[in-house]
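**Student:** To start, I am sharing the structure in question, which I have written as structure tokens.
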Amino acid sequence: MTHRTRQQTRALHAYERVMRVPPGERADYAMHVHSLGAAVLRNGLAAALAFLERELESEKAKHDKPVGRLLEDLADALLPGPPRTAGVKLPDAVRRLEMSDYMLATRELLQLLVWFRRAVQATFTQEERSHVAEGGR
108 MTHRTRQQTR
118 ALHAYERVMR
128 VPPGERADYA
138 MHVHSLGAAV
148 LRNGLAAALA
158 FLERELESEK
168 AKHDKPVGRL
178 LEDLADALLP
188 GPPRTAGVKL
198 PDAVRRLEMS
208 DYMLATRELL
218 QLLVWFRRAV
228 QATFTQEERS
238 HVAEGGR
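Position one of the sequence shown corresponds to residue 108 (the working numbering), numbered consecutively onward.
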């Protein structure tokens, strides 16, 4: 049995998920990974996820799914946080949390995003990350 630290678990999850992002979705995925942490700190976890939910609705018309992929990648992290109830999406699960669980979920998501940013920087080409750099991060 292998014992891993939470940081190792976060890193493994992030790298596995980032490696699965199709090349056509990488630029948008990278942009959302890089901007989500700041949005959480600025607006709170529930508001940041609500913004992604709204983005997801606009994606349905484009048949492009980087936001949906990111929400699923974050929700599937094997870390303490909101319980995964069948049919309940991450933003809705976060909105239902008690205060202490909400604070824990916020900290966990911010820690997880550190590893997602590192994975994006390490695995995506400069061109796939290009409009992240142009946006001034």
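All residues carry an ideal CB built from backbone N, CA and C; glycine is no exception.
(1) Return the first residue and the last residue of the alpha helix (DSSP H) that H141 is part of.
(2) Starting from the Cα of T119, find the closest Cα among E235, F223, T232 and give me that residue.
(3) Roughly how many angstroms separate the alpha carbons of P173 and Y122, rounded to a whole number?
(4) How big is the Cα-Cα spacing for Q233 and R133?
(5) Please classify R117: is it buried, with 16 or more other beta-carbons within 10 angstroms of its beta-carbon, or exposed?
(6) DSSP state of A121, grouped into three classes?
(7) On the three-state DSSP scale, how would you describe P187?
(8) For T112, count neighbouring C-beta atoms within 10 Å of its own C-beta (all shown protein chains included) and say buried if the count is 16 or more, exposed if not.
(9) Please confirm if the region 211 to 219 is in contact with the region 157 to 167, defined as three or more CB-CB distances below 8 Å between the two stretches.
(10) Measure the beta-carbon distance from L152 to Y209 and round it to whole angstroms, keeping in mind my assumption that it falls under 8 Å.
(11) So, under 8 Å CB-CB, V147 and T230 are touching, yes? Tell me the CB distance rounded to an integer number of Å.
(12) What does a CB cutoff of less than 8 Å around P198 pick up in its chain, not counting 5 residues either side in sequence?
(13) How is V254 classed by DSSP in three states: helix, strand or coil?
**Tutor:** Straight from the coordinates:
(1) H141 -> alpha helix (DSSP H) spans 133 to 150.
(2) One point to set straight first is that residue 119 is Leu, not Thr, in the sequence displayed. Comparing Cα-Cα distances from L119 to each of E235, F223, T232, the minimum goes to F223.
(3) For the pair P173 and Y122, the Cα-to-Cα distance works out to about 16 Å.
(4) The alpha-carbon atoms of Q233 and R133 are separated by roughly 11 Å.
(5) So R117 ends up on the buried side.
(6) Reduced to three states, the DSSP call for A121 is helix.
(7) Residue placement at P187 is poorly supported in this model, since its pLDDT is 49, which falls under 50; the coordinates still yield a value, given next. Correct three-state label for P187: coil.
(8) T112 counts as exposed, since fewer than 16 other beta carbons sit within 10 angstroms of its beta carbon.
(9) The region 211 to 219, when compared against the region 157 to 167, does not touch it at the 8 Å Cβ threshold.
(10) Here L152 really is in contact with Y209; their C-beta atoms are around 7 Å apart, less than 8 Å.
(11) Your pair V147 and T230 does not check out as a contact, with CB atoms roughly 23 Å apart and the cut at 8 Å.
(12) So the list reads A153, L156, A157, L159, E160, L178, once near-sequence residues are dropped.
(13) Residue 254 is absent from the structure shown; the chain starts at 108 and stops at 244.
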